[in-house]
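Visitor:
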Amino acid sequence: LNLIAILQHFGALDNLVPTVLGRIAAAIRGENELWLGLVFASGELDNLDPHHLAAAAAGLVMETPRPDSKVNFELSNEVAEALAKLRGIRRQMFQLQRRYNVALPIWLEFELIAIVEQWALGIEWTELCENTTLDEGDVVRILRRTLDLLSQIPHVPHLPDSFQRNAYRAMQLIDRFPVNEVVE
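For any residue, its number in the working numbering is found by taking its place in the sequence shown, counting from 1, and adding 9.
#1: Just to confirm, are L143 and A66 a CB contact at a threshold of 8 Å?
#2: Within 10 Å of its beta-carbon, does S85 have 16 or more other beta-carbons around it, so buried, or fewer, so exposed?
#3: Assess contact between the segment 147 to 161 and the segment 36 to 46, defined as three or more Cβ pairs (one per stretch) separated by less than 8 Å. Is contact present?
#4: Which residue from T141, H18 and H60 puts its Cα closest to that of A129?
#5: Taking the alpha helix (DSSP H) that I115 falls in, what are its first and last residues?
#6: Using a threshold of 8 Å, state whether the C-beta atoms of S51 and L22 are closer than that.
#7: Using the Cα positions of I98 and E53, report the straight-line distance between them to the nearest angstrom.
#8: Throw me the rounded Cβ distance for the V165 and I124 pair, which I believe falls under 8 Å.
#9: Does the distance from the C-beta atom of A231 to that of E145 stay below 8 Å?
#10: Using the rule of at least 16 other Cβ atoms within 10 Å of the residue's Cβ for burial, across every protein chain shown, is I122 buried or exposed?
#11: Can you give me the C-alpha to C-alpha distance between N11 and R178, rounded to a whole angstrom?
#12: Helix, strand or coil: which one does DSSP assign to L22?
#13: Compare the beta carbon distance of P114 and E40 with 8 Å and say whether it is the shorter of the two.
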């Protein structure tokens, strides 16, 4: 019932019938589908280039890093600005989740996502790993979680075609070895 109240507050449900936002959120697999649905429906990521979209998507799925985690890359202004515009929605979401005692993560990470942007721009794996304190397994996990989110966008209803195409392009940029390595 608490989730229903939150969904209704954000306009994802009209009584108990999913709205456009509700259908967007319902089509997403993630730790907090409403948060991701609100982000995608906001339009803030619609005009990002594919490499920027990859980094922004990483910011939506990356857990808060350990304090000693570092990357030696600067996040582009385009990504930082797009994610910063989501802070208001995130604040509202936090307040409602607290009020209704719902504990779902609302990831919006800026710290390490420049590594995803660099990977999408074609940097070599060894150079990528030399420029971070993260171990290779953590980097692969971040990239695969990002890829998983991006792979859903083309199948989510009611999103602009251009946004869906950019998500597909972003997937192509980051889906290379060792990210796409088949694990037996």
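Where a beta carbon is used, it is the ideal one built from N, C-alpha and C, also for glycine.
Predicted model only: the values in this text are computed from it and were never measured.
Guide: In brief:
#1: no
#2: buried
#3: yes
#4: When each option's Cα is compared against that of A129, the closest is H60.
#5: Membership of I115 in any alpha helix (DSSP H) is not indicated, and neither H nor E is assigned to it by DSSP.
#6: no
#7: Their backbone Cα atoms lie some 11 Å apart in a straight line.
#8: At roughly 25 Å, the Cβ-Cβ gap does not stay under 8 Å, so V165 and I124 are not in contact.
#9: No answer is possible for residue 231: it lies beyond the span of the chain, which begins at 10 and ends at 193.
#10: buried
#11: Between N11 and R178, the C-alpha separation is close to 37 Å.
#12: strand
#13: With contacts defined as CB atoms closer than 8 Å, P114 and E40 qualify as a contacting pair.
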